[in-house]
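Undergrad: In order, the protein sequence lines correspond to chains A and B.
499 is the number of the first residue of the first sequence in the numbering used here; add one for each residue after it.
499 is the number of the first residue of the second sequence in the numbering used here; add one for each residue after it.
Mind looking over this structure? Questions follow.
Protein chains: 2
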Amino acid sequence: MTAATTPPARTGRPAKRVAIDRAARVVFGREGYIRASVDSIAAEAHVSKRTIYNHYQDKEQLLLCVLKESTHAVAEHQEELIDRHLASPVDLEAELVALGCALATPQSGFKEHFALVRVIFAEASRLPGEVTDSWRTEGPGRTQARLARHFATLSAAGRLRTDEPQEAAAHFTQLVTSEAYERSFHGALPLPADELEALVTAGVRAFLRLYGARS
Amino acid sequence: MTAATTPPARTGRPAKRVAIDRAARVVFGREGYIRASVDSIAAEAHVSKRTIYNHYQDKEQLLLCVLKESTHAVAEHQEELIDRHLASPVDLEAELVALGCALATPQSGFKEHFALVRVIFAEASRLPGEVTDSWRTEGPGRTQARLARHFATLSAAGRLRTDEPQEAAAHFTQLVTSEAYERSFHGALPLPADELEALVTAGVRAFLRLYGARS
DNA sequence: CTTCGATTGCACCGTCCGGTTTACTTTCTG
DNA sequence: CAGAAAGTAAACCGGACGGTGCAATCGAAG
């Protein structure tokens, strides 16, 4: 009833589809898989429930599709953050702190995607193994690899000191973001900005004690 | 029908109660809060559903009660592990590795308790704030404090080197256990023993590079 | 044995949910 | 314009669930 007046645009087929996907992402993230009813997803998408079942076989397929999308969205967003802060850092410590804060607190329109990551954790034991596996490789795996690449470059430039950038990247995420993640229940509850910054700066200092250039 | 033959013992009133609690812990942990039906909990406890509602006001109160119990059980178990490995360590690195493995993989009858921790994460945004808060202080907070105490002692004995045992304890859990936690989806999926040991030993080595005695 | 409280089985209520059916309308295309 | 493709609203189905009412039962204490 909403899109009736506005000509649906000649974007073509996937017009309703993207609305469904967006709505499913929102509702799944907000309610979790079971609480999210197909009716509420349809309402959120301003779409008939039948239309959802025209696009997806059942509720689970809808979830899996949306999970896959979100995995890529989060990964690309984080890769972008990493590049932005580590491409040519002037004050390395400050950039690492800023990057850590950005990675640990999903901002802008990505909260829904991070909420879906929580769904992956909640449903992990009930999801097909290929889903959890591909999430790890396409999600955290990609950001960790991107981190490692930058660390290798920085090490070659004398800004860091490590022979194993992979391990350094792992230690960065562990020291800098893992506690903020857990403290905020994976982003489900808000973490005061000052606490976040304290956690991240402490982690970055430890990281630089491990891998800083001037020892 | 099961306890009919055996005399219910004069343990007194809470006989059925503990059965209910145990069953709720098992089923909530296995299925999550919503999937766990009160009927299935009653079946697992070999108890009438009506009896559950004689002991608890509703399903949510049952969950909250069981969560509180599990918080303490996990905390005590982990404190015990910490004491056992760090009371008088001969080979400190080996003990730290063993402790890290023990902390990162819930064994014996504690898997159900750890499964409930997953429920806390899954329901965090829908739980009363006091519940999540008290979980943090009574759960991870206690184990971290116990770790810090041992690190302070070890530092005084010259086995470690840190002025801030609190921070050292945080970095230990982050470097040693956090990745194993995330890799296993908080214990929901099994993590191969060799991978676990590799993660933990790498974390311990980094920890000792940060806080080891001989530098 | 009687009494009393705890427990039990079971039917029941209202609700919600995943998914389907049907009949109708819209929109694009040729 | 004709007709296919897509969308819509609404009723509907079978099943599950949280929670209650109630009569019957059990076990121990007096």
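We put the beta carbon where it would ideally sit given N, CA and C, even for glycine.
Let me know the secondary structure DSSP gives L658 (chain A) once reduced to three states.
TA: As a first step, residue 658 (chain A) must be located in the first sequence, where it is residue number 160. In this structure, L658 (chain A) counts as strand in the three-state DSSP scheme.
Undergrad: Establish whether the CB of S676 (chain B) and some CB of chain A are separated by less than 8 Å.
TA: Start at 1 with the first residue of the second sequence, and residue 676 (chain B) comes out as number 178. So yes, S676 (chain B) belongs to the interface.
Undergrad: CA-CA distance, A602 (chain A) and S682 (chain A)?
TA: Walking along the first sequence from the start, residue 602 (chain A) turns up at place 104. Walking along the first sequence from the start, residue 682 (chain A) turns up at place 184. Taking the straight line joining both Cα atoms gives about 9 Å.
Undergrad: When burial is assigned at 16 or more other CB atoms within 10 Å of the CB, is H684 (chain B) buried or exposed?
TA: By one-based count along the second sequence, residue 684 (chain B) stands at place 186. With 16 or more Cβ atoms within 10 Å of its Cβ, H684 (chain B) is classed as buried.
Undergrad: Going along the chain, which residues of the stretch 615-634 of chain A sit with their C-beta nearer than 9 Å to a C-beta in chain B?
TA: R616, V617, I618, F619, A620, E621, A622, S623, R624, G627, T630, R634
Undergrad: Roughly how far, in whole angstroms, is the beta-carbon of L579 (chain A) from the beta-carbon of L597 (chain A), given that I think they are within contact range, below 8 Å?
TA: For the purposes of this step, residue 579 (chain A) is taken as residue 81 along the first sequence, with counting starting at 1. For the purposes of this step, residue 597 (chain A) is taken as residue 99 along the first sequence, with counting starting at 1. Right, the Cβ-Cβ distance comes to about 6 Å (below 8 Å), so this counts as a contact.
Undergrad: With 16 as the cutoff for other CB atoms within 10 Å, does L694 (chain A) come out buried or exposed?
TA: Reading the first sequence from its first residue, position 196 is the one you call residue 694 (chain A). Buried, by the Cβ-count rule.
Undergrad: Beta carbons nearer than 7 Å to chain A: which residues of the stretch 632-666 of chain B have them?
TA: E665
Undergrad: Output yes if chain B places a C-beta closer than 8 Å to the C-beta of R533 (chain A); else output no.
TA: Here residue 533 (chain A) corresponds to residue number 35 of the first sequence, with the count starting at 1. Output row for R533 (chain A): interface = yes.
Undergrad: Please check if any C-beta of chain B sits within less than 8 Å of the C-beta of G607 (chain A).
TA: Within the first sequence, numbered from 1, the residue matching residue 607 (chain A) stands at position 109. Judged by the 8 Å Cβ criterion, G607 (chain A) is not in contact with chain B.
Undergrad: Mind checking whether Q649 (chain A) and L673 (chain A) have CB atoms under 8 Å apart?
TA: The residue labelled residue 649 (chain A) in the question sits at position 151 within the first sequence. The residue labelled residue 673 (chain A) in the question sits at position 175 within the first sequence. Rather than Gln, the amino acid found at residue 649 (chain A) in this sequence is Phe. Cβ distance not < 8 Å, so F649 (chain A) and L673 (chain A) don't count as in contact.
Undergrad: From this set, B:E574, B:V545, B:H669, B:E542, which residue's C-alpha is nearest H611 (chain B)'s C-alpha?
TA: In the second sequence, the residue the question calls residue 611 (chain B) occupies position 113. H611 (chain B) has its Cα closest to that of B:E574, out of B:E574, B:V545, B:H669, B:E542.
Undergrad: Which of the three DSSP states, helix, strand or coil, is assigned to G685 (chain A)?
TA: Here the question's residue 685 (chain A) lines up with position 187 in the first sequence. Residue state, collapsed to three classes: coil.
Undergrad: Can you list, in chain order, the residues of the stretch 682-705 of chain A whose Cβ is nearer than 8 Å to any Cβ on chain B?
TA: F683, H684, A686, L687, A700, G701, A704
Undergrad: So A602 (chain A) contacts chain B; which residues on that side make the cut at Cβ distance below 9 Å?
TA: Indexing the first sequence from 1 puts residue 602 (chain A) at position 104. What A602 (chain A) touches in chain B, judged by beta-carbon distance under 9 Å, is nothing: the nearest beta carbon there is about 12 Å away.
Undergrad: Give me the residue from B:R647, B:E677, B:G656 with the minimum Cα distance to E665 (chain B).
TA: For the purposes of this step, residue 665 (chain B) is taken as residue 167 along the second sequence, with counting starting at 1. Checked all of B:R647, B:E677, B:G656; the closest Cα to E665 (chain B) is B:R647.
Undergrad: Any beta-carbon of chain A closer than 8 Å to the one on L673 (chain B)?
TA: The count along the second sequence starts at 1 and reaches residue 673 (chain B) at position 175. Chain A places a beta carbon closer than 8 Å to that of L673 (chain B), counting this residue as a contact.
Undergrad: For L708 (chain A), return the contacting residues in chain B, with the cut-off set at a CB-CB distance below 7 Å.
TA: Counting from one through the first sequence, the residue named residue 708 (chain A) turns up at place 210. Result: A704, R707, L708.
Undergrad: Under 8 Å between beta-carbons, which chain B residues line up against A711 (chain A)? List them in chain order, please.
TA: As a first step, residue 711 (chain A) must be located in the first sequence, where it is residue number 213. Correct list: empty, because the minimum Cβ distance to chain B is about 16 Å.
Undergrad: Taking all protein chains shown into account, decide if G627 (chain B) is buried (16 or more other Cβ within 10 angstroms of its Cβ) or exposed.
TA: Here residue 627 (chain B) corresponds to residue number 129 of the second sequence, with the count starting at 1. Exposed, because fewer than 16 other Cβ atoms sit within 10 Å of the Cβ of G627 (chain B).
Undergrad: Hey, does L611 (chain A) have any beta-carbon neighbour from chain B nearer than 8 Å?
TA: Here residue 611 (chain A) corresponds to residue number 113 of the first sequence, with the count starting at 1. Position check: residue 611 (chain A) holds His in this sequence, whereas Leu was assumed. No, H611 (chain A) does not count as interfacial toward chain B.
Undergrad: Does the Cβ-Cβ distance between A696 (chain A) and G656 (chain A) come in under 8 Å?
TA: By one-based count along the first sequence, residue 696 (chain A) stands at place 198. By one-based count along the first sequence, residue 656 (chain A) stands at place 158. Their beta carbons are not under 8 Å apart, which means A696 (chain A) does not touch G656 (chain A) by this criterion.
Undergrad: Hey, how far is the Cα of A462 (chain A) from the Cα of Y554 (chain A)?
TA: The question about residue 462 (chain A) has no answer, for chain A in this structure spans 499 to 713.
Undergrad: Against chain B, with Cβ distances strictly below 8 Å, would H544 (chain A) count as a contact?
TA: On the first sequence, position 46 is the one that residue 544 (chain A) refers to. Residue-level contact by beta carbon fails for H544 (chain A) and chain B, as no gap is shorter than 8 Å.
Undergrad: Short of 7 Å in beta carbon distance, which residues of its chain neighbour T500 (chain A), apart from the five on each side in sequence? Order them along the chain.
TA: Within the first sequence, residue 500 (chain A) is the residue found at index 2, counting from 1. Because T500 (chain A) carries a pLDDT of 34, less than 50, the predicted location of this residue cannot be relied on, and the following value inherits that uncertainty. H544.
Undergrad: Look up G639 (chain A) in the DSSP assignment and say whether it is helix, strand or coil.
TA: The sequence position of residue 639 (chain A) within the first sequence is 141, counting from 1. It is helical.
Undergrad: For the stretch 569-614 of chain A, list the alpha helix (DSSP H) runs that are entirely contained and at least 4 residues long, ordered along the chain.
TA: 590-602
Undergrad: Who are the neighbours of G530 (chain B) on chain A, taking C-beta pairs under 7 Å?
TA: Position 32 of the second sequence holds residue 530 (chain B). Per Cβ cutoff of 7 Å: A620.
Undergrad: Please classify G710 (chain B): does DSSP put it in a helix, a strand, or coil?
TA: Here residue 710 (chain B) refers to the residue found at position 212 when the second sequence is read from its first residue. G710 (chain B): strand per DSSP, three-state reduction.
Undergrad: Which of the residues in the stretch 569-584 of chain B, read from start to end, lie with their CB under 9 Å from any CB of chain A?
TA: none
Undergrad: By DSSP, does A650 (chain A) sit in helix, in strand, or in coil?
TA: Here residue 650 (chain A) is taken as the residue at index 152 of the first sequence, counted from 1. A650 (chain A) falls in the helix class under three-state DSSP.
Undergrad: Are the beta-carbon atoms belonging to V564 (chain B) and A613 (chain B) less than 8 Å from one another?
TA: Here residue 564 (chain B) refers to the residue found at position 66 of the second sequence. Here residue 613 (chain B) refers to the residue found at position 115 of the second sequence. In this structure, A613 (chain B) does not lie closer than 8 Å to V564 (chain B) by Cβ.
Undergrad: Thinking C-beta only, is L560 (chain B) closer than 8 Å to I550 (chain B)?
TA: Start at 1 with the first residue of the second sequence, and residue 550 (chain B) comes out as number 52. Start at 1 with the first residue of the second sequence, and residue 560 (chain B) comes out as number 62. Yes.
Undergrad: Counting along the chain, where does the alpha helix (DSSP H) carrying R528 (chain B) start and finish?
TA: Locating residue 528 (chain B) in the second sequence gives position 30, where the first residue counts as 1. Here the alpha helix (DSSP H) through R528 (chain B) covers 513-529.
Undergrad: For L625 (chain B), which of helix, strand or coil comes out of DSSP?
TA: Position 127 of the second sequence, counting from 1, holds the residue named residue 625 (chain B). L625 (chain B) falls in the coil class under three-state DSSP.
Undergrad: Return no unless some Cβ of chain A is closer than 8 Å to the Cβ of H669 (chain B).
TA: Residue numbering aside, residue 669 (chain B) sits at position 171 when the second sequence is read from its first letter. Judged by the 8 Å Cβ criterion, H669 (chain B) is in contact with chain A.
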